[in-house]
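*Asks:* Quick one: the structure is below, and I'll ask about it shortly.
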Amino acid sequence: MEINKDLIAASSTPLVLAILAEGDSYGYAILRRVQELSGGRMEWTDGMLYPVLHRLERAGHIQARWQVAESGRRRKYYRMTPQGRAQLAEERRQWQTVDATLRGIWRMLSLAVPAAPPLQAA
Amino acid sequence: MLEEQIEQWRSYLRNRQAIHTVDIAELEDHLREQIGALSAAGLAPDEAFLVAVKRLGNLDALSREFAREHSDRLWKQLVVPAADTGEPQAAARTDALVAFGLAVAAAVAIKVPALFGMQLDQDAGFYVRNLSLFVLPLLTGYFVWKRRLETRTLPWLATAFVAAGVFANVYPFTPEGNTEILAAIHGPIALWIVVGVAYAGGRWGEVAGRMDFIRFSGELFIYYVLIALGGGVLMGFTAGIFEAIGIDIEPIFESWILPCGAVGGVLVASWLVEAKQSVIENMAPVLARLFTPLFAIVLLVFLGIVLGTGRGLDIEREVLIIFDLLLVVVLGLLLYSISARDPRSPAGAFDWLLVVLVLSALLADAVALWAIAARITEFGFTPNRVAALGMNVILLVNLAWSAVLSIRFLRGRGAFADLERWQTNYLWVYAVWAAIVVITFPPIFRFI
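If you're matching them up, the sequences are chains A and B in order. Position one of the first sequence corresponds to residue 43 (this note's numbering), numbered consecutively onward. Position one of the second sequence corresponds to residue 227 (this note's numbering), numbered consecutively onward.
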């Protein structure tokens with residue numbers, strides 16, 4: 043399913059922050075996690091993740107460090123900061139409001155929106 | 227095979243201004259991880275590479291996204307070198323330290339004579355004649371160090387400075403006389419070529435080496451003017467805020483800040499030019515391009531009026547100076563247009579414009595010389611007038627031959643390189659003429 047570009051952009055911040063809240067990670071692994079969580083239905087262009095990470099880093103929500111990975115290559119890991127945690131809570135509150143509002147109106151319209159296909163194993 | 231492809235991809239990314247080396251490293255890690263996963267799923271390495279690159283996204287879109295996040299990167303930063311350059315950074319730091327050290331040394335040097343009772347205001351003549359000797363040896367030293375100049379060149383450079391010091395100080399000049407001022411003006415011009423030899427660092431014999439020095443000189447001038455303007459603003463505020471608390475900084479300003487800043491600024495400006503030459507577009511050619519048409523228009527209008535109305539030139543005594551300066555400016559426009567031109571590109575409209583500029587300047591100068599020649603005997607041969615006339619002849623010869631070479635080039639009968647060679651060889655003429663003025667004029671004119 044093709045998801046609107048604006049929606050992808052808007053949801054990237056809470057998604058990346060939430061994934062980093064699970065533990066430190068790096069670009070490729072974050073993308074894999076997004077794929078896994080969405081059952082492969084949210085397609086990000088891989089490269090676009092990095093400007094998002096850099097923006098979050100500049101805002102102070104996450105912190106980067108270079109470290110040698112088990113593969114022997116140097117890899118840039120990101121870690122969430124306390125400020126990022128607060129930001130995630132705030133994002134979550136906002137998204138829940140949006141979500142709750144939409145749910146309400148979907149119910150009232152009782153439109154037969156074709157439901158998304160069931161999650162497949164990533 | 228795969229490594230080659232990745233290297234190619236990397237060099238492709240390096241051309242993107244908004245994507246820095248660290249980002250490339252981060253993206254490369256991603257790419258390799260992706261290739262690894264795809265290969266494990268059964269793809270051949272080159273297929274895996276293609277898929278992985280495609281998944282990273284369109285390069286234009288990606289670099290646009292990076293540019294949006296790092297908009298500062300589109301402005302090339304000079305003073306703060308990129309944090310990821312690694313080893314060259316240490317060299318850059320050493321370079322900066324040496325340059326600033328020499329700047330401080332120049333600032334100290336100019337205050338040393340004060341220890342022996344030479345005051346700036348009372349012994350102005352001494353300082354004016356020797357000013358360049360406080361700076362240029364240090365600047366030369368900077369380039370000797372930076373270019374690791376061969377030691378057999380060093381005695382020649384040293385001899386030039388010693389000779390300059392001798393000629394500046396042994397003549398019994400009349401205080402504030404004409405010959406003293408002429409010597410003060412021409413000394414630095416003659417010594418500038420010594421700086422050039424050090425700057426070119428063994429490439430002085432090549433046209434390209436001397437052309438680089440011409441480029442350096444233009445940029446240095448622009449940087450120095452900018453630094454001086456900044457210094458002026460700083461001093462203005464300093465004077466203002468200290469006056470508010472009843473402290474007059476003028477004495478400190480005159481005897482310390484101005485002389486030390488003026489000599490130190492040359493070294494700092496030189497270092498800046500060196501540090502940024504490959505980073506930022508050179509300014510002198512930009513200004514030359516901007517002002518060439520404007521000067522051409524002014525000169526054409528001037529000539530039109532003179533020739534059209536037959537209006538005679540009002541021959542003031544110093545009219546030659548203004549025409550000398552005009553030729554210097556025209557030469558500068560020509561020189562910096564040449565310096566930024568790709569010698570292989572074919573002749574274009576701008577080359578014609580340059581010829582028009584040079585020809586109109588020659589014509590304007592000829593009109594002035596004609597008017598002066600008629601009355602030169604009446605005015606008499608003072609040192610200033612002879613020096614101005616000599617300079618005028620030198621510039622006239624240069625521009626006239628440049629015009630010939632340019633026209634030959636435009637008509638396809640000569641190479642652009644001829645013009646470059648002519649200009650770079652001519653550097654010697656300025657230096658030799660300046661040396662003649664410094665060495666022979668004072669005795670010829672009895673030190674007046």
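The C-beta atom is built at its ideal place from N, Cα and C for all residues, glycine as well.
#1: Do the CB positions of Y120/A and A111/A come within less than 7 Å of each other?
#2: Hey, how far is the Cα of T311/B from the Cα of H96/A?
#3: Pick out whichever of A424/B, G640/B, F387/B has its Cα sitting closest to the Cα of T377/B.
#4: Determine whether the Cβ of H256/B lies closer than 7 Å to any Cβ atom of chain A.
#5: Output needed in chain order: residues of the segment 137 to 148 of chain A with a Cβ under 9 Å from some Cβ in chain B.
#6: Put M122/A into one of helix, strand or coil per three-state DSSP.
#7: Inspect the beta-carbon positions of L525/B and A590/B and report whether they are closer than 7 Å.
#8: Could you check whether the Cβ of G283/B sits closer than 7 Å to any Cβ belonging to chain A?
#9: Just to confirm the assignment: which complete alpha helix (DSSP H) runs, minimum length 4, are found wholly within the segment 378 to 436 of chain B?
#10: Rounding to the nearest angstrom, what Cα-Cα distance links D349/B and A597/B in this structure?
#11: Comparing the C-beta of P93/A with each C-beta of chain B, is any distance below 7 Å?
#12: What in chain B is Cβ-close to M150/A, meaning under 9 Å?
#13: In the DSSP assignment, find the alpha helix (DSSP H) that holds I531/B and state where it starts and stops.
#14: So what does DSSP say about W86/A, is it helix, strand or coil?
#15: Only counting the same chain, and skipping five residues up and downstream in sequence, which positions put a Cβ closer than 8 Å to that of G640/B?
#16: Given a cut-off of 7 Å, decide if L621/B and L560/B are closer than it, judged by their beta-carbon atoms.
#17: Looking at C-alpha atoms only, which residue of I448/B, E259/B, A386/B, R570/B is the closest neighbour of V658/B?
#18: Given that K168/A touches chain B, what residues does it touch there, using C-beta distances under 8 Å?
#19: Is the beta carbon of T650/B sitting closer than 7 Å to the one on M437/B?
#20: If the cut-off is 7 Å on Cβ atoms, which residues from the segment 79 to 112 of chain A count as contacting chain B, listed in chain order?
#21: How big is the Cα-Cα spacing for R373/B and I440/B?
#22: From D88/A, D66/A, A101/A, G65/A, pick the residue whose C-alpha is nearest to that of R74/A; which is it?
#23: So A594/B is in the alpha helix (DSSP H); what residue range does that whole segment cover?
#24: Would you mind working out which of A128/A, M84/A, G146/A, S152/A sits nearest E44/A, comparing C-alpha positions?
#25: Taking E544/B as the reference, give the member of V556/B, G606/B, N395/B, T518/B with the closest Cα.
#26: Mind checking the segment 111 to 125 of chain A against chain B and listing, in chain order, the residues whose C-beta falls within less than 7 Å of any C-beta there?
#27: Keeping to the same chain, check which residues put their C-beta closer than 7 Å to that of E402/B; ignore five residues upstream and five downstream.
#28: Just checking my contact of G490/B with A333/B at CB under 8 Å: how many whole Å lie between their CB atoms?
#29: Hey, could you find the ends of the beta strand (DSSP E) A106/A is sitting in?
#30: Considering only DSSP beta bridges, list what Y353/B is partnered with.
#31: How would you call I523/B, buried or exposed, if buried means at least 16 neighbouring beta carbons within 10 angstroms?
#32: Quick one: does F292/B have its CB under 7 Å from some CB of chain A?
#33: I need the straight-line Cα distance from E133/A to P93/A, nearest angstrom please.
#34: By the DSSP assignment, the alpha helix (DSSP H) with Q77/A in it spans what residues?
#35: Thinking C-beta only, is S289/B closer than 7 Å to A244/B?
#36: Please check the pair T400/B and F667/B, which I expect to be a contact at CB under 8 Å, by giving their CB distance rounded to whole angstroms.
*Replies:* From the atom records:
#1: To locate residue 120/A, count along the first sequence from 1; it is residue 78. To locate residue 111/A, count along the first sequence from 1; it is residue 69. The answer is no: Cβ separation not under 7 Å.
#2: As a working note, residue 311/B is residue 85 in the second sequence. As a working note, residue 96/A is residue 54 in the first sequence. Low confidence applies to T311/B: its pLDDT is 46, below 50, so where it sits in the model is not reliable enough to give any reading.
#3: Locating residue 377/B in the second sequence gives position 151, counting from the first residue. It is A424/B.
#4: Within the second sequence, the letter at position 30 stands for residue 256/B. Closer than 7 Å: yes.
#5: none
#6: Counting from one through the first sequence, the residue named residue 122/A turns up at place 80. If DSSP states are grouped into helix, strand and coil, M122/A belongs with the strands.
#7: Along the second sequence, one-based indexing puts residue 525/B at 299. Along the second sequence, one-based indexing puts residue 590/B at 364. Against a cut-off of 7 Å, the Cβ pair of A590/B and L525/B comes out as a contact.
#8: Within the second sequence, numbered from 1, the residue matching residue 283/B stands at position 57. Yes, G283/B counts as interfacial toward chain A.
#9: 380 to 396, 404 to 426
#10: To locate residue 349/B, count along the second sequence from 1; it is residue 123. To locate residue 597/B, count along the second sequence from 1; it is residue 371. Approximately 39 Å between the Cα atoms of the pair.
#11: Within the first sequence, the letter at position 51 stands for residue 93/A. With 7 Å as the cut-off, P93/A counts as an interface residue toward chain B.
#12: On the first sequence, position 108 is the one that residue 150/A refers to. Going along chain B, no residue has its Cβ under 9 Å from M150/A, so there is no contact; the nearest lies around 39 Å.
#13: Sequence index remark: in the second sequence, residue 531/B carries index 305 (1-based). Element bounds for I531/B: 509 to 535.
#14: Your numbering for residue 86/A matches position 44 in the first sequence. Coil, per DSSP.
#15: On the second sequence, residue 640/B is found 414 positions in, with the first residue counted as 1. For G640/B, where only same-chain residues beyond five positions count, the Cβ hits under 8 Å are L631, R634.
#16: The residue labelled residue 560/B in the question sits at position 334 within the second sequence. The residue labelled residue 621/B in the question sits at position 395 within the second sequence. Contact flag unset, no.
#17: The residue you call residue 658/B lines up with position 432 of the second sequence. Nearest to V658/B by C-alpha distance, out of I448/B, E259/B, A386/B, R570/B, is A386/B.
#18: Since the displayed chain A opens at 43 and closes at 164, residue 168/A lies outside it and no answer follows.
#19: The residue given as residue 650/B occupies position 424 in the second sequence. The residue given as residue 437/B occupies position 211 in the second sequence. Yes, they are a contact pair.
#20: Taking 7 Å as the Cβ-Cβ cut-off, the segment 79 to 112 of chain A approaches chain B at T87, D88, G89, M90, Y92, P93, H96, R97, given in chain order.
#21: Residue 373/B sits at position 147 when you count from the first residue of the second sequence. Residue 440/B sits at position 214 when you count from the first residue of the second sequence. One C-alpha to the other measures close to 17 Å.
#22: As a first step, residue 74/A is located in the first sequence; it is residue number 32 there, counting from the start. Among D88/A, D66/A, A101/A, G65/A, the Cα nearest to that of R74/A belongs to D88/A.
#23: What you label residue 594/B is simply residue 368 of the second sequence in a count that begins at 1. Its alpha helix (DSSP H) spans residues 575 to 599.
#24: Here the question's residue 44/A lines up with position 2 in the first sequence. For E44/A, the nearest C-alpha among the options comes from M84/A.
#25: Here residue 544/B is taken as the residue at index 318 of the second sequence, counted from 1. Ranking V556/B, G606/B, N395/B, T518/B by Cα distance to E544/B puts G606/B first.
#26: R115, R116, R117, K118
#27: Here residue 402/B refers to the residue found at position 176 of the second sequence. Counting only Cβ-Cβ distances below 7 Å, and skipping sequence neighbours, we find G351.
#28: Locating residue 490/B in the second sequence gives position 264, counting from the first residue. Locating residue 333/B in the second sequence gives position 107, counting from the first residue. The Cβ separation is near 4 Å, so the contact holds.
#29: Here residue 106/A is taken as the residue at index 64 of the first sequence, counted from 1. 104 to 110 is the extent of the beta strand (DSSP E) around A106/A.
#30: By 1-based counting over the second sequence, the position of residue 353/B is 127. Paired residues: none, contrary to the question.
#31: Sequence index remark: in the second sequence, residue 523/B carries index 297 (1-based). Classification of I523/B: exposed, given that the 10 Å Cβ count is below 16.
#32: Taking the first residue of the second sequence as 1, we reach residue 292/B at position 66. So, interface residue.
#33: As a working mapping, residue 133/A is identified with position 91 in the first sequence. As a working mapping, residue 93/A is identified with position 51 in the first sequence. Cα to Cα, the separation comes out at about 19 Å.
#34: Indexing the first sequence from 1 puts residue 77/A at position 35. If you look at Q77/A, you'll find it in the alpha helix (DSSP H) that goes 69 to 79.
#35: Stepping through the second sequence from its first residue, residue 244/B is reached at position 18. Stepping through the second sequence from its first residue, residue 289/B is reached at position 63. Result yes, Cβ atoms of A244/B and S289/B sit closer than 7 Å.
#36: By one-based count along the second sequence, residue 400/B stands at place 174. By one-based count along the second sequence, residue 667/B stands at place 441. T400/B to F667/B, Cβ: 13 Å. No contact.
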